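First the structure, in the form of structure tokens, and then the observations on it.
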Amino acid sequence: MVHEENTKVSIKLQKDMIFQLEKTYKSLNTLLIDESLEEDKEKLGPDAASLLGMAVISCLSASFIFCLQKRNLSLDDLEANADISFKEPKKGYMRIDTINVNLKPKTKDSEVLKRMKQCIRELKSGHMFFEESCIITPSVREGINIHVNVNL
């Protein structure tokens, strides 16, 4: 969930607009990021917008489960999806406008359902309590400082 130290990621151009993650994980040998304009069914991997959506829903899902675990509650299942909407500002380049997130926690335990409300209660900010422990969503909402350097 939350990192105690800085994190680095690296990608390398494979071909055209397809990049490969330069790190392997125990159950992921290769991740290709496909920024081509191919139709989704033809893509070799997710594009950057999809990766951002995945980052948001995985962080929110982990934060939700973390909140439940702090209360000794558990779920039978949890599904999440993100609907990413785009806009074209005056400059003509597409931008992400909105990410609508839907979490679907599943449990047959009525006590868990009742106590789950502690995690989804609304704060003065208008956000739900569990969102506070997510590192990604507040960072995206508030804007992330990004410094770009091109090394020639």
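Heads up: the sequence shown begins at 646 in our numbering, then just goes up one per residue. We put the CB at the ideal spot given by N, CA and C, even for glycine. The model shown is predicted, which means the values in this text are computed figures rather than measured ones.
Inter-residue CB distance, residue i and residue j (contact presumed, cutoff 8 Å)
i	j	result
I781	M773	At roughly 15 Å, the Cβ-Cβ gap does not stay under 8 Å, so I781 and M773 are not in contact.
E776	L705	7 Å
I744	F731	That belief does not hold up - the Cβ atoms of I744 and F731 are roughly 11 Å apart, past 8 Å.
R716	Q763	6 Å
A727	V757	That belief does not hold up - the Cβ atoms of A727 and V757 are roughly 24 Å apart, past 8 Å.
Per-residue burial, residue i [other beta carbons within 10 Å of its own, 16 or more giving buried]
i	result
L713	buried
D679	buried
S708	buried
S681	exposed
Run through the segment 707-792 for me and flag every whole alpha helix (DSSP H) of 4 or more residues, listed as ranges in chain order.
Listed in chain order, the complete alpha helix (DSSP H) runs (minimum 4 residues) inside the segment 707-792 are 755-765 and 781-787.
Which runs of the beta strand (DSSP E) fall wholly inside the segment 656-705 and span at least 3 residues, in chain order?
If we require 3 residues or more, the beta strand (DSSP E) runs fully inside the segment 656-705 come out as 656-660, 663-666 and 677-679.
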